[in-house]
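Some notes on the structure that comes next.
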Amino acid sequence: MTAQIPREQQRRPRRRGKEREKLRMSLAKQYDGGLSIRKVAGPAGLSYGLTRTLLLEAGVTLRTRAPRRGAGEK
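If you count by the working numbering, then the sequence shown holds residues 1492 to 1565, one letter each, in order.
Quick look at the structure:
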């Protein structure tokens, strides 16, 4: 008897070659258009970490984080 692994826990296939290059360019275009890493990652079904890695591979300069709202206010 083999246990079934829930679909959400199954590993996705690695993206290589032209497929990975297309994905990198698509993510870079969205990020350069002003979306955050999280907003780029969500619809693509990717983790934040993988999305960040792909953006760096594409040569994107990552933006600094926005200051937290209310930080330092009294």
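Each residue gets a CB set at the ideal place from its N, CA and C atoms; glycine is no exception.
Distance check for residue j and residue i, CA to CA, integer angstroms please.
i: residue 1553; j: residue 1547; result: 8 Å
i: residue 1525; j: residue 1515; result: 16 Å
i: residue 1557; j: residue 1509; result: 33 Å
Give the single residue among the options whose Cα lies nearest to the Cα of residue i.
i: residue 1540; options: 1529, 1559, 1555 and 1558; result: 1529
i: residue 1513; options: 1555, 1535 and 1524; result: 1535
i: residue 1507; options: 1538, 1545 and 1551; result: 1545
i: residue 1537; options: 1518, 1559, 1495 and 1560; result: 1518
i: residue 1511; options: 1520, 1533 and 1549; result: 1549
Start and end of the alpha helix (DSSP H) containing residue i?
i: residue 1531; result: 1528-1535
i: residue 1557; result: Premise fails: residue 1557 is in no alpha helix (DSSP H) and is neither H nor E.
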